[in-house]
Amino acid sequence: MNKAAALKGFFVTGTDTGVGKTALAASLALLMIESGIRTAPVKPVQAGVSAGQPGDLEHCLKLCGLQPSPAELRLMNPYRFPLPASPHLAAEQAGARISLSRIVTACQKLCKNYQALVVEGAGGLLVPLTRRTTTLELARRLGLPLIIVARAGLGTLNHTLLTLRAAREAGLEVAAVALNHPEPESGGRTAKVIEKDNREVLAALGKVEVWEALPYIEGAGVRVEATRRLA
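Under full-length UniProt numbering, the first residue of the sequence shown carries the number 1, and numbering increases by one thereafter.
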């Protein structure tokens with residue numbers, strides 16, 4: 001598949017659902033905006049969100065202080081389905097089919113008014129968008145460097161290294177791994193030792209830049225304070 005021409009920004013993916021992709025994507029978009037880069041958050045597919053109901057994209061836009069027009073909002077979120085399921089199933093249950101070309105075209109149109117995009121994928125790279133295509137194919141079409149969001153604690157090594165391998169075998173550029181705390185931190189000193197080692201092992205075996213674990217913030221939906229730590 002051909003890459004989309006001249007897109008700039010990042011594609012945020014994760015090792016799993018619920019690892020904090022939206023928090024990271026929103027923080028990254030805000031950082032870029034505060035740095036003077038006109039940045040558009042993009043959530044190609046939102047599942048579990050009914051029409052008119054705020055979802056991940058709306059939380060991101062609120063944090064970034066953006067008020068896009070209805071036309072721009074449709075480009076930022078081409079697909080929205082009420083069923084909280086994998087995108088392919090959520091689309092099928094709504095009588096729809098996700099088109100990668102439609103998403104790519106939407107991103108290209110946004111780039112006429114924005115300098116960069118922060119695109120948040122659904123789940124991980126191998127989550128199906130249709131019965132034949134996955135998020136990985138979308139990432140390849142967009143051609144943006146990946147930021148892989150992963151849990152900071154125990155169990156993250158295998159998931160993250162597998163995601164790195166899948167990305168690189170598909171020819172995708174990985175900009176960084178962002179370790180995250182999607183739930184309140186616990187475990188005391190032992191957890192800290194594990195997290196420190198996870199970061200070192202991922203950097204060594206994964207041959208990738210690993211960002212320091214972002215803190216959990218109760219009820220925030222996004223980690224505003226963490227934004228400054230990405231600089």
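From the three backbone atoms N, C-alpha and C, an ideal C-beta is built for every residue, glycine too.
**Message:** So, at 6 Å on beta carbons, what are the nonlocal neighbours of Lys8 in its own chain, with the 5 sequence-adjacent residues on each side left out?
**Reply:** Here the set comprises Ala116.
**Item:** For Thr17, the three-state DSSP class (helix, strand or coil)
**Value:** DSSP places Thr17 in coil when its eight states are reduced to three.
**Request:** Assuming Leu138 and Leu144 form a contact by the criterion Cβ under 8 Å, report the distance between their Cβ atoms to the nearest whole angstrom.
**Result:** About 10 Å separates the beta carbons of Leu138 and Leu144, which is beyond the 8 Å limit, so they are not a contact pair.
**Item:** Helix, strand or coil at Ala116 [DSSP, three-state]
**Value:** Here Ala116 sits in strand by DSSP.
**Message:** Quick check on DSSP: helix, strand or coil for Ile194?
**Reply:** Residue state, collapsed to three classes: helix.
**Extent of the continuous beta strand (DSSP E) run through Ala176** = Note, Ala176: beta strand (DSSP E), Val174 to Asn180.
**Request:** Indicate whether the contact test is met: 3 or more Cβ pairs, each with one atom in the region 105-119 and one in the region 174-181, closer than 8 Å.
**Result:** The region 105-119 vs the region 174-181: no contact.
**Message:** From the DSSP secondary-structure annotation, give me the bridge partner or partners of Ala40.
**Reply:** Bridge partners of Ala40: Leu117.
**Request:** Report the rounded CA-to-CA distance for Ala23 versus Leu83, giving the unit in angstroms.
**Result:** The C-alpha of Leu83 is placed about 22 Å away from the C-alpha of Ala23.
**Request:** Would you give the residue range spanned by the alpha helix (DSSP H) that Ile103 belongs to?
**Result:** First-last of the alpha helix (DSSP H) with Ile103: Leu100 to Leu110.
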